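Working notes for the structure below.
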Amino acid sequence: MMSGFQKFAEKCRKYALITFDNEDLFNFSMDDPYEFRLDEIIKDLNEKIHYQTEFLKNIKESNVAVSDSYSFQKLADLEKNTKNPRERLAWIKHYANLYEELSRTVDFTIDDDFITSLLARQKIQKNTTEAQLTMKILEKRLKKTLSIIEREQKILEESKIIGSLLDERLKKLEKQSQRSSQEILNECRMNVKEAERSVNKFMRELVRFIDEELGDILLAEQSGAAVGHADLPEKKHTKLPAESGQSTLDKHVSIQQKDKITLCNSTKELLENLMNQSVLPGADPYMIVEDSVIGRILLRSGLVMLHNKDARKMRLVEFQREIDEMSFI
Numbered sequence: 329m330m331s332g333f334q335k336f337a338e339k340c341r342k343y344a345l346i347t348f349d350n351e352d353l354f355n356f357s358m359d360d361p362y363e364f365r366l367d368e369i370i371k372d373l374n375e376k377i378h379y380q381t382e383f384l385k386n387i388k389e390s391n392v393a394v395s396d397s398y399s400f401q402k403l404a405d406l407e408k409n410t411k412n413p414r415e416r417l418a419w420i421k422h423y424a425n426l427y428e429e430l431s432r433t434v435d436f437t438i439d440d441d442f443i444t445s446l447l448a449r450q451k452i453q454k455n456t457t458e459a460q461l462t463m464k465i466l467e468k469r470l471k472k473t474l475s476i477i478e479r480e481q482k483i484l485e486e487s488k489i490i491g492s493l494l495d496e497r498l499k500k501l502e503k504q505s506q507r508s509s510q511e512i513l514n515e516c517r518m519n520v521k522e523a524e525r526s527v528n529k530f531m532r533e534l535v536r537f538i539d540e541e542l543g544d545i546l547l548a549e550q551s552g553a554a555v556g557h558a559d560l561p562e563k564k565h566t567k568l569p570a571e572s573g574q575s576t577l578d579k580h581v582s583i584q585q586k587d588k589i590t591l592c593n594s595t596k597e598l599l600e601n602l603m604n605q606s607v608l609p610g611a612d613p614y615m616i617v618e619d620s621v622i623g624r625i626l627l628r629s630g631l632v633m634l635h636n637k638d639a640r641k642m643r644l645v646e647f648q649r650e651i652d653e654m655s656f657i
């Protein structure tokens with residue numbers, strides 16, 4: 329029958345499909361014995377195909393006949409002209425037996441074990457390649473993860489140091505906050521009293537300086553004498569006639585002494601007003617001062633300064649700042 333040729337054709341078709349569906353089938357590495365065996369199979373298949381082609385060609389050309397010597401053309405004509413089914417079946421069996429007898433010398437089988445092994449090796453090679461690529465990707469991710477861990481470790485160490493410093497600072501603040509409100513109030517009162525004592529001491533020293541030192545300078549400036557030569561007029565030891573009680577009082581408190589006291593009091597008042605004006609929040613530190621001996625002395629001493637645009641205004645010098653320009657009379 330035709331079963332042998334059909335089996336051979338089916339296996340060839342299967343082999344062709346396997347070859348075209350698996351493009352990388354021959355790209356992976358194989359050992360030399362497998363390559364040699366594959367070449368032998370291909371060569372054997374080509375020989376069988378060539379033999380079968382020649383065989384069919386010879387049958388068609390020679391019209392080989394056994395028994396009554398009918399050709400394939402006659403068989404085709406017989407199928408059209410013969411109406412007896414039994415006769416047609418007999419001729420078909422005759423040609424089938426003829427094909428089986430002539431095809432017994434050719435082996436059309438293909439080794440399925442080798443194809444299975446070949447596909448298995450391809451699958452193993454593909455899995456190995458994918459595993460290698462996966463390992464490379466995992467290696468890169470591992471390096472990146474290790475670098476992240478190292479960076480986070482440094483951040484953790486720095487955070488621990490900062491945390492320890494903050495804990496120490498918090499403990500100090502807790503110790504300070506443990507003081508009672510009464511202790512804090514007493515400390516503030518002590519600071520205020522200390523400041524008041526310092527201010528009072530400064531004011532007493534300022535008053536003493538004005539009364540003992542600056543008074544003579546102011547009096548000499550007012551009388552027109554040079555500063556440093558402001559001696560009081562010499563008392564003449566002359567015998568005076570007896571006078572009344574009022575005349576005796578005027579003898580002890582001379583007119584110059586009264587002027588000195590007046591100048592000292594005016595100086596104290598002016599300095600006090602200037603100091604108050606300089607410490608008032610939001611107030612203009614400058615105040616209008618009439619031209620006098622006191623103002624000129626204070627300007628020359630560097631205690632006060634004039635306004636840049638209005639020479640009548642005067643203020644205390646800001647000793648905590650550097651003065652770029654200062655006006656003098």
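Quick note: the sequence shown uses the working numbering, first residue 329, plus one each step. Note that beta-carbon positions come from the ideal geometry of N, C-alpha and C, so glycine has one too. Here the structure is a predicted model, which means the values were calculated and not measured.
Annotated three-state conformation of valine 632 is strand, per DSSP.
The continuous beta strand (DSSP E) containing leucine 644 extends over residues 641 to 644.
Glutamate 522 and glutamate 486 have their C-alpha atoms some 45 Å from each other. For isoleucine 583, the enclosing alpha helix (DSSP H) begins and ends at 583 to 607.
Close CB contacts of valine 632 within its chain, under the 7 Å cut and outside five residues either way in sequence, are with Leu602, Leu626, Met642, Arg643, Leu644 and Val645 (chain order). Taking a contact as a CB-CB distance under 8 Å, the pair glycine 543 and lysine 586 does not count as one, their CB atoms being some 12 Å apart. Rounded to whole angstroms, glutamine 504 and leucine 599 show a C-alpha spacing of 41 Å.
Looking at Lys468, Ser594 and Gln453, the one whose alpha-carbon comes closest to that of valine 535 is Ser594. Counting other Cβ atoms within 10 Å of its Cβ, tyrosine 614 reaches 16 or more and is therefore classed as buried. Within the same chain, Cβ atoms closer than 6 Å to the Cβ of cysteine 592 are found at Ile538, Asp539 and Gly543, the five residues on either side in sequence being excluded.
Put simply, the backbone Cα of valine 520 is about 31 Å away from that of glutamate 496. Relative to methionine 531, the option among Lys451, Lys596 and Lys500 whose CA is nearest is Lys596.
Counting the other Cβ atoms within 10 Å of the Cβ of isoleucine 377 gives fewer than 16, which makes it exposed. Per the C-alpha coordinates, the member of Glu549, Val527, Ser606 and Ile465 positioned closest to glutamine 584 is Glu549.
The C-beta of isoleucine 465 has fewer than 16 other C-beta atoms within 10 Å across all chains shown, which makes the residue exposed. For lysine 529, the enclosing alpha helix (DSSP H) covers residues 509 to 537. Counted as a single uninterrupted DSSP element, the stretch harbouring serine 620 is not any alpha helix (DSSP H), since DSSP gives it neither H nor E. Within a 10 Å sphere around the beta-carbon of valine 617 sit 16 or more other beta-carbons, which makes this residue buried. Taking the Cα of threonine 590 as reference, the smallest distance to any Cα among Ser551, Ser509 and Leu547 is reached at Leu547. For proline 413, the secondary structure class from DSSP, reduced to helix, strand or coil, is helix. In the three-state reduction of the DSSP assignment, glycine 491 falls in the helix class, which pools H, G and I.
The C-beta of leucine 470 has fewer than 16 other C-beta atoms within 10 Å across all chains shown, which makes the residue exposed.
A direct Cα-Cα distance of roughly 35 Å separates leucine 498 from leucine 474. Excluding the 5 residues flanking it on each side, isoleucine 370 has no same chain C-beta neighbour closer than 7 Å. For glutamate 549, the uninterrupted alpha helix (DSSP H) run begins and ends at 543 to 551, by DSSP. Distance between leucine 373 and alanine 448, taken at the CA atoms: about 22 Å. Take the alpha-carbon of leucine 417 and the one of tyrosine 423: they are about 10 Å apart.
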